[in-house]
Amino acid sequence: MVAVHRGALQVALLPPSPAAAPAVVSLDLALPGHTAEQADWPPVVGDWLAVRGASAAQMRVATVLPRRTYLERPSATGSSLGQPVAANVDILLIVEPFSPPPTPGRVERFTALARAAGMQAWLVLTKADLVPPAQAAAVVTDLGRHTDQALAVSAHNPASLRALRALLPSGTTAVLVGRSGAGKSTLTNALLGTQLATQAVRAGDGKGRHTTTSRQLVTGQGLNLIDTPGIRALAATTDAAAIDDAFADIAELAAHCRFPDCGHGSERDCAVQAAVATGQVEAERVARYLRLQQESARLAQRQDARLARAQDRRASRDNTRGRRGVMRLKGK
Numbered sequence: 012m013v014a015v016h017r018g019a020l021q022v023a024l025l026p027p028s029p030a031a032a033p034a035v036v037s038l039d040l041a042l043p044g045h046t047a048e049q050a051d052w053p054p055v056v057g058d059w060l061a062v063r064g065a066s067a068a069q070m071r072v073a074t075v076l077p078r079r080t081y082l083e084r085p086s087a088t089g090s091s092l093g094q095p096v097a098a099n100v101d102i103l104l105i106v107e108p109f110s111p112p113p114t115p116g117r118v119e120r121f122t123a124l125a126r127a128a129g130m131q132a133w134l135v136l137t138k139a140d141l142v143p144p145a146q147a148a149a150v151v152t153d154l155g156r157h158t159d160q161a162l163a164v165s166a167h168n169p170a171s172l173r174a175l176r177a178l179l180p181s182g183t184t185a186v187l188v189g190r191s192g193a194g195k196s197t198l199t200n201a202l203l204g205t206q207l208a209t210q211a212v213r214a215g216d217g218k219g220r221h222t223t224t225s226r227q228l229v230t231g232q233g234l235n236l237i238d239t240p241g242i243r244a245l246a247a248t249t250d251a252a253a254i255d256d257a258f259a260d261i262a263e264l265a266a267h268c269r270f271p272d273c274g275h276g277s278e279r280d281c282a283v284q285a286a287v288a289t290g291q292v293e294a295e296r297v298a299r300y301l302r303l304q305q306e307s308a309r310l311a312q313r314q315d316a317r318l319a320r321a322q323d324r325r326a327s328r329d330n331t332r333g334r335r336g337v338m339r340l341k342g343k
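For what it's worth, my numbering labels the leading residue of the sequence shown as 12, then goes sequentially.
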């Protein structure tokens with residue numbers, strides 16, 4: 012599936028031969044037989060679908076094929092419901108510009124999200140032409156040390172874009188995420204040779220407007236890239252283990268704390284705070300880790316409560332149906 016637009020799915024059909032271009036058709040999303048309780052419904056960009064029907068007008072989705080990976084954006088509004096982003100993705104490309112300055116917390120949150128989804132996290136720092144090369148290299152090293160890959164690129168430096176393309180294996184599916192104006196659409200155009208719409212950024216603060224308003228999968232040059240709208244706020248994943256993976260340095264230190272439930276504050280013999288005191292780890296990074304874990308726990312509690320309410324509703328419906336069935340058998 013390549014896009015979702017106002018209740019309709021855009022699907023690229025497998026071509027009859029490798030040399031032929033895939034046909035793109037629109038299918039109705041509101042199909043009978045599917046309910047909100049099904050974990051794989053509705054389909055998301057990147058899903059492989061089995062369809063039935065002799066023509067495009069008759070085609071309907073038969074089923075969503077099993078997903079290798081599934082990326083969901085946690086709600087930043089306090090809701091326990093996440094927002095589906097993409098499926099069957101290999102790499103999460105975290106796109107951060109050099110101007111305005113990149114945000115460590117956003118990179119860490121996206122990295123945790125990638126770990127929760129079972130995909131690699133790559134950091135791509137754009138607009139490298141706006142800072143001196145030495146500064147760009149230092150930022151790449153600092154922000155990228157806890158990701159799987161990190162590099163700086165510039166739309167005005169084709170060699171940097173070729174370096175990124177060379178690192179991406181042929182057949183890779185990657186999703187680009189980041190703030191508005193980070194250069195996601197520009198990067199997609201450069202890597203694939205496409206012409207997605209782009210926007211200028213504001214001169215005052217370097218921030219951009221929303222160019223991409225919906226997720227769409229674009230193919231070319233042996234790659235599948237999913238461009239996404241800019242993200243202003245990103246909540247924590249409810250996967251605490253994924254957060255530990257994104258903060259592996261702190262999680263490793265925490266294993267040496269005296270108390271298993273150490274909060275890494277004022278407790279005695281806290282290995283994390285000892286590392287902060289010696290400069291082994293930054294206090295700001297520890298604070299971001301603790302905030303993320305606390306936020307994750309709150310969201311997990313809300314999610315568990317929502318699931319419990321849904322189970323109660325299903326049990327109530329089943330009981331009602333059972334009583335009605337018994338009454339019918341009794342002839343009442």
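Ideal Cβ positions, reconstructed from N, Cα and C, are used throughout, including at glycine.
All figures in this text were calculated on a predicted structure; none of them were measured in a lab.
Contact set for residue i: own chain, Cβ-Cβ below 8 Å, skip 5 residues either direction
{"i": "Ala19", "result": "Ser37, Leu38, Asp39, Leu40"}
{"i": "Arg71", "result": "Leu38, Asp39, Leu42, Val62, Arg63, Gly64"}
{"i": "Leu245", "result": "Arg84, Pro85, Ala87, Arg117, Arg120, Phe121, Leu124"}
Distance, residue j Cα to residue i Cα
{"i": "Trp59", "j": "Gln227", "result": "14 Å"}
{"i": "Ala61", "j": "Leu24", "result": "10 Å"}
{"i": "Val186", "j": "Thr137", "result": "16 Å"}
{"i": "Val69", "j": "Ala201", "result": "The question names Val, but residue 69 in the sequence shown is Gln. Rounded to whole angstroms, Gln69 to Ala201 spans 37 Å at the Cα level."}
{"i": "Ala247", "j": "Arg63", "result": "39 Å"}
{"i": "Arg328", "j": "Gln312", "result": "25 Å"}
{"i": "Glu295", "j": "Gln304", "result": "14 Å"}
{"i": "Ala174", "j": "Ala161", "result": "11 Å"}
{"i": "Pro54", "j": "Thr239", "result": "16 Å"}
{"i": "Leu124", "j": "Val292", "result": "22 Å"}
{"i": "Val15", "j": "Gly57", "result": "11 Å"}
{"i": "Glu194", "j": "Leu301", "result": "Sequence inspection shows Gly at residue 194; the Glu mentioned does not correspond to that position. Distance between the alpha carbons of Gly194 and Leu301 is about 30 Å."}
{"i": "Arg78", "j": "Gly290", "result": "42 Å"}
{"i": "Ala166", "j": "Val22", "result": "30 Å"}
{"i": "Leu76", "j": "His157", "result": "32 Å"}
{"i": "Asn265", "j": "Pro85", "result": "First, the amino acid is wrong: residue 265 is Ala here, not Asn. Ala265 and Pro85: Cα-Cα distance of roughly 26 Å."}
{"i": "Leu198", "j": "Ser277", "result": "45 Å"}
{"i": "Asp272", "j": "Glu263", "result": "14 Å"}
Same chain, Cβ closer than 6 Å to residue i, five either side skipped, listed in chain order
{"i": "Ala345", "result": "No information on residue 345 is available, as it lies outside the stretch 12 to 343 that the chain covers here."}
{"i": "Gln131", "result": "Ile102, Asp159"}
{"i": "Ala163", "result": "Leu136, Ala139, Ala147, Val151"}
{"i": "His267", "result": "Ala282"}
{"i": "Arg190", "result": "Gly241"}
{"i": "Leu141", "result": "Phe109, Ser110"}
Residue range of the alpha helix (DSSP H) that includes residue i
{"i": "Asp260", "result": "259-265"}
{"i": "Gly155", "result": "144-155"}
{"i": "Arg126", "result": "115-128"}
{"i": "Ala285", "result": "282-289"}
Delimiting residues of the beta strand (DSSP E) encompassing residue i
{"i": "Asn168", "result": "No beta strand (DSSP E) holds Asn168; DSSP gives it neither H nor E."}
{"i": "Asn235", "result": "234-238"}
{"i": "Glu107", "result": "102-108"}
{"i": "Glu83", "result": "81-84"}
{"i": "Thr184", "result": "184-188"}
{"i": "Val75", "result": "71-75"}
{"i": "Val135", "result": "131-137"}
Assigned secondary structure, residue i (DSSP; H/G/I helix, E/B strand, else coil)
{"i": "Glu295", "result": "helix"}
{"i": "Ile254", "result": "helix"}
{"i": "Ser9", "result": "No statement about residue 9 is possible, as the shown extent of the chain runs from 12 to 343 and does not include it."}
{"i": "Leu203", "result": "helix"}
{"i": "Ala161", "result": "strand"}
{"i": "Ser37", "result": "strand"}
{"i": "Ala246", "result": "coil"}
{"i": "Gly231", "result": "strand"}
{"i": "Leu60", "result": "strand"}
{"i": "Pro95", "result": "strand"}
{"i": "Val15", "result": "strand"}
{"i": "Leu20", "result": "strand"}
{"i": "Asp140", "result": "helix"}
{"i": "Leu303", "result": "helix"}
{"i": "Leu178", "result": "helix"}
{"i": "Arg269", "result": "coil"}
{"i": "Leu310", "result": "helix"}
{"i": "Arg328", "result": "helix"}
Beta-carbon contacts of residue i that lie in its chain and below 7 Å, excluding the five residues immediately before and after
{"i": "Glu83", "result": "Gly93, Gln94, Pro95, Val96"}
{"i": "Val297", "result": "Ile261, His275, Val283, Val287"}
{"i": "Gly233", "result": "Ser181, Gly182"}
{"i": "Ala73", "result": "Ala61, Val62, Arg63"}
query: Three or more C-beta pairs closer than 8 Å, one from the segment 177-191 and one from the segment 97-116: is that the case here?
result: The answer is yes - the segment 97-116 touches the segment 177-191, with three or more Cβ pairs under 8 Å.
message: Contact between the segment 247-263 and the segment 304-315 is defined here as three or more beta-carbon pairs at a separation below 8 Å; is this criterion met?
response: These segments touch.
- request: Examine the Cβ distances between the segment 169-176 and the segment 109-129 and report whether three or more of them are shorter than 8 Å.
  value: Segments in contact, no.
- prompt: Would the segment 152-162 and the segment 275-291 be scored as touching if the rule is three or more Cβ pairs under 8 Å?
  reply: no
- request: Count the CB pairs spanning the segment 254-261 and the segment 118-127 that are closer than 8 Å, and state whether there are at least three.
  value: yes
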